[in-house]
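> In terms of UniProt numbering, the sequence shown is residues 1 to 439. Glycine included, each C-beta is placed from N, C-alpha and C at the ideal position. Quick one: this structure, given as structure tokens, is what I'll be asking you about.
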Amino acid sequence: MEVIRQEQIWFRDHLVRQPKQNIKYRLSHFVVKQVTDDGILLYNNVTGCLLFFKSEKDIKENFIFLVEYWFYLPVDSFNECDWVDFLRTKRIDDASHQGINSYVIMTTLDCNARCFYCYEKGTPRISMTEKNALVTSEYIQRHSTNKVKLTWFGGEPLLNTVVMDLICQKLNDFGISYFSHIITNGLLFTRNIVNKAINVWKLKRVQITLDGTEQVYLRAKAYVNSQGSEFQIVLDNIEALLNSKIAVNIRLNQDAYNTEDLLELLAILHNRLGTNPYLTIYNHLLFNFEGDYTQEQIGCYYKLKNKLTVLEYIKGYKLPNGMTDHQCMADSSHSLVITPSGIIGKCEHFTEEKMIGSIFTEDIDSSVLKMWNERYDKQKECNLCPLYPTCIRIKMCPNQKKHCSDFYRKDRMESLNIAIKYCYKEWKIHKAELTGLEN
Numbered sequence: 001m002e003v004i005r006q007e008q009i010w011f012r013d014h015l016v017r018q019p020k021q022n023i024k025y026r027l028s029h030f031v032v033k034q035v036t037d038d039g040i041l042l043y044n045n046v047t048g049c050l051l052f053f054k055s056e057k058d059i060k061e062n063f064i065f066l067v068e069y070w071f072y073l074p075v076d077s078f079n080e081c082d083w084v085d086f087l088r089t090k091r092i093d094d095a096s097h098q099g100i101n102s103y104v105i106m107t108t109l110d111c112n113a114r115c116f117y118c119y120e121k122g123t124p125r126i127s128m129t130e131k132n133a134l135v136t137s138e139y140i141q142r143h144s145t146n147k148v149k150l151t152w153f154g155g156e157p158l159l160n161t162v163v164m165d166l167i168c169q170k171l172n173d174f175g176i177s178y179f180s181h182i183i184t185n186g187l188l189f190t191r192n193i194v195n196k197a198i199n200v201w202k203l204k205r206v207q208i209t210l211d212g213t214e215q216v217y218l219r220a221k222a223y224v225n226s227q228g229s230e231f232q233i234v235l236d237n238i239e240a241l242l243n244s245k246i247a248v249n250i251r252l253n254q255d256a257y258n259t260e261d262l263l264e265l266l267a268i269l270h271n272r273l274g275t276n277p278y279l280t281i282y283n284h285l286l287f288n289f290e291g292d293y294t295q296e297q298i299g300c301y302y303k304l305k306n307k308l309t310v311l312e313y314i315k316g317y318k319l320p321n322g323m324t325d326h327q328c329m330a331d332s333s334h335s336l337v338i339t340p341s342g343i344i345g346k347c348e349h350f351t352e353e354k355m356i357g358s359i360f361t362e363d364i365d366s367s368v369l370k371m372w373n374e375r376y377d378k379q380k381e382c383n384l385c386p387l388y389p390t391c392i393r394i395k396m397c398p399n400q401k402k403h404c405s406d407f408y409r410k411d412r413m414e415s416l417n418i419a420i421k422y423c424y425k426e427w428k429i430h431k432a433e434l435t436g437l438e439n
């Protein structure tokens, strides 16, 4: 047996070893077993621990270890979902005493595009003032305890770089360590802005959405005062960001009709950008948040996703670190959204409703905050689902519903299995490198 990845530190500190008793045990429903060319992998989706075994015999020889580390559980009288819920509650309680270290800052609700699918359509196009930017930086100073992550959001955040500069300058003055990500259409990057992004914003990652090849993209984006060259400009900017070693995530918005066009776009991107360690490309289905997709839609989705996987553009298959105290920023005690007017919320998809407070006071609406932590009741299928420890089941989430669809579960399980393989592959490479150094 070899340990590829140890359990989370929190579990190391808080989860006692399960004593081996003279009773029957079974493999946990939350453990994923995967057979490789040279052995067997066991991944614990509760603790995040990943183990490699040469054979089934190797597993049997390490059975006591597997019991102690919660890979095997008693056959009778052990409810795994209740156990996970108990652990999560304890983690949430521990996390509630920590600071707020992740902020989505909406610099403006204005945008230079008019995407037909934009959820902010009809929202007043207000921008954050310099005064509100100063108060925002002061709020961050009061509430943060560790290194801060800033995510610039909009509208189009690059329409208001003044407040981005100001917030970062003030955080520097306060001695607060930070880095940032940005969600943008990518059009407004220039050489000067890229330099500022590196040196002032400490930008590490950019998310840019592409809707298709040039003409499809231009129709979908419907840029204000379009010059017809925006597609090429965005590709130039993506290349400039990658050359500056800023990670770029390209999201391909996919509907029931544009799969072939996106495959054509992918060929263009591959020809121009090649493979790059800083580049990730993934597909995202539009509209049907309920997850009730037709077989045709599912087929189109996997046709594109499989191509992205073969080209090694999907790098988002990072193996989850097991169960955490939250599944997204909305139910995290460490994260907040700040709107241009200084209103505080838990999710950027709720810009003026279900907000919990303001940067101008310390008052928090506890009743609304509680709503963001409410989860759907467990369903029958949850009891045997390996994904339950890391499942997002927030009632307020517009992307979730009470019952998971078969497609949703299949897609997440496929991603998890690929992530396990990827982690194993990286471990083998690292192990071979160490062996080479020793020799």
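#1: Please list the terminal residues of the continuous alpha helix (DSSP H) segment that includes M371.
#2: Using C-beta distances below 8 Å, list every residue in its chain close to I193, excluding the 5 sequence neighbours before and after it, in chain order.
#3: Would you call the segment 308 to 325 and the segment 361 to 376 in contact, with 3 or more CB pairs under 8 Å?
#4: With burial defined as no fewer than 16 other Cβ atoms inside 10 Å of the residue's Cβ, what is the status of T280: buried or exposed?
#5: Quick one, which of N271, S127 and W10 has its alpha-carbon nearest F153's?
#6: Which ranges would you report for the beta strand (DSSP E) in the segment 168 to 236 if only whole runs of at least 3 residues count?
#7: How far does the beta strand (DSSP E) with Q254 in it extend, from its first residue to its last?
#8: Just to check my reading of the structure: F407 and Y293 have Cβ atoms closer than 8 Å, yes? What is that Cβ distance to the nearest angstrom?
#9: How is L15 classed by DSSP in three states: helix, strand or coil?
#10: Rounding to the nearest angstrom, what Cα-Cα distance links S229 and R125 in this structure?
#11: Could you say which of R205, L286 and V135 lies nearest to Y278 if we only look at CA atoms?
#12: Smallest Cα separation from G357: which of V368, I344 and M396?
#13: Relative to the C-alpha of residue 441, which candidate in T36, D76, Q8 and E68 has its C-alpha closest?
#14: Please state whether DSSP places V84 in a helix, a strand or coil.
#15: Per DSSP, what kind of secondary structure is W152 in: helix, strand or coil?
#16: Grab me the residues of A220's own chain with a C-beta within less than 7 Å of its C-beta, minus the 5 sequence neighbours each way, in chain order.
#17: Count the C-beta pairs between the segment 50 to 57 and the segment 102 to 111 that are closer than 8 Å, then say yes if the count reaches three, no if not.
#18: Work out the CA separation of S137 and residue 450 for me, nearest whole Å.
#19: Could you pull the start and end residues of the beta strand (DSSP E) that Y313 belongs to?
#20: Give me, in chain order, the residues of the same chain whose beta-carbon lies closer than 6 Å to that of K346; leave out the 5 immediate sequence neighbours on both sides.
#21: Can you pull the DSSP bridge partners for residue 440?
#22: Just to confirm, is the Cβ distance from F71 to S28 under 8 Å?
#23: Look at the Cβ atom of C168, then the Cβ atom of Y388, and state whether they are nearer than 8 Å.
#24: Taking all protein chains shown into account, do 16 or more other C-beta atoms lie within 10 angstroms of the C-beta of F289, making it buried, or fewer, making it exposed?
#25: Give every residue of the same chain whose Cβ lies closer than 6 Å to the Cβ of S177, excluding the five residues on either side of it in the sequence, and list them in chain order.
#26: Using 8 Å for Cβ pairs, my map puts V32 next to N417. What's the rounded Cβ distance?
#27: Per DSSP, which one or two residues make a beta bridge with residue 441?
#28: Just how far apart, CA to CA, sit K20 and L42?
#29: Who are K307's beta bridge partners in DSSP?
#30: Let me know the secondary structure DSSP gives Y422 once reduced to three states.
#31: In this structure, does DSSP put L319 in helix, strand or coil?
#32: Enumerate in chain order the residues of its own chain whose CB-to-CB distance from V224 is below 6 Å, with the five nearest sequence positions on each side excluded.
#33: Taking just the CA atoms, how far does P320 sit from W10?
#34: For I183, count neighbouring C-beta atoms within 10 Å of its own C-beta (all shown protein chains included) and say buried if the count is 16 or more, exposed if not.
Short version:
#1: Segment S366 to M371, the alpha helix (DSSP H) holding M371.
#2: For I193, same chain residues with a beta-carbon under 8 Å away, outside a window of 5 residues either side, are L158 and T161 in chain order.
#3: No: fewer than three Cβ pairs fall under 8 Å.
#4: With 16 or more other Cβ atoms inside 10 Å of its own Cβ, T280 counts as buried.
#5: Of N271, S127 and W10, the residue nearest in Cα terms is S127.
#6: Listed in chain order, they are 178 to 183 and 203 to 210.
#7: For Q254, the uninterrupted beta strand (DSSP E) run begins and ends at A247 to Q254, by DSSP.
#8: Sure, about 5 Å apart at Cβ, within 8 Å.
#9: Of the three classes helix, strand and coil, the one that applies to L15 here is coil, per DSSP.
#10: Roughly 25 Å between the two C-alpha positions.
#11: Measuring from the Cα of Y278, the nearest candidate turns out to be R205.
#12: It is I344 whose Cα lies nearest to the Cα of G357.
#13: Missing from the structure shown is residue 441; the chain here goes from 1 to 439 and no further.
#14: In the structure shown, V84 sits in a helix (DSSP, three-state: H, G or I).
#15: W152: strand per DSSP, three-state reduction.
#16: Around A220: C115, F116, D211 and G212.
#17: Judged by Cβ distances under 8 Å, the segment 50 to 57 makes no contact with the segment 102 to 111, as fewer than three pairs qualify.
#18: Summary: the structure shown does not reach residue 450, with the chain confined to residues 1 through 439, and so no result is reported for it.
#19: Element bounds for Y313: n/a, residue is neither H nor E.
#20: Residues of the same chain with a CB within less than 6 Å of the CB of K346, apart from the 5 flanking positions on each side, are A330 and W372 in chain order.
#21: Any answer about residue 440 is impossible in this case: the structure gives the chain only from 1 up to 439.
#22: Taking 8 Å as the Cβ cut-off, F71 and S28 qualify as a contacting pair.
#23: No. Outside cutoff.
#24: Below a pLDDT of 50, predicted positions are generally treated as unreliable, and F289, at 46, falls in that range; no measurement from the model is reported.
#25: Here the set comprises K147.
#26: With a contact defined as Cβ atoms closer than 8 Å, V32 and N417 qualify at about 7 Å.
#27: With the chain represented from 1 up to 439, any question about residue 441 goes unanswered, as that position is not in the structure.
#28: Their Cα atoms are separated by approximately 19 Å.
#29: Residue pairing by DSSP places K307 in no beta bridge whatsoever.
#30: Three-state result, Y422: helix.
#31: In the three-state reduction of the DSSP assignment, L319 falls in the coil class.
#32: Here the set comprises N112.
#33: Here the alpha carbons of P320 and W10 stand approximately 14 Å from one another.
#34: Label assigned to I183: buried.
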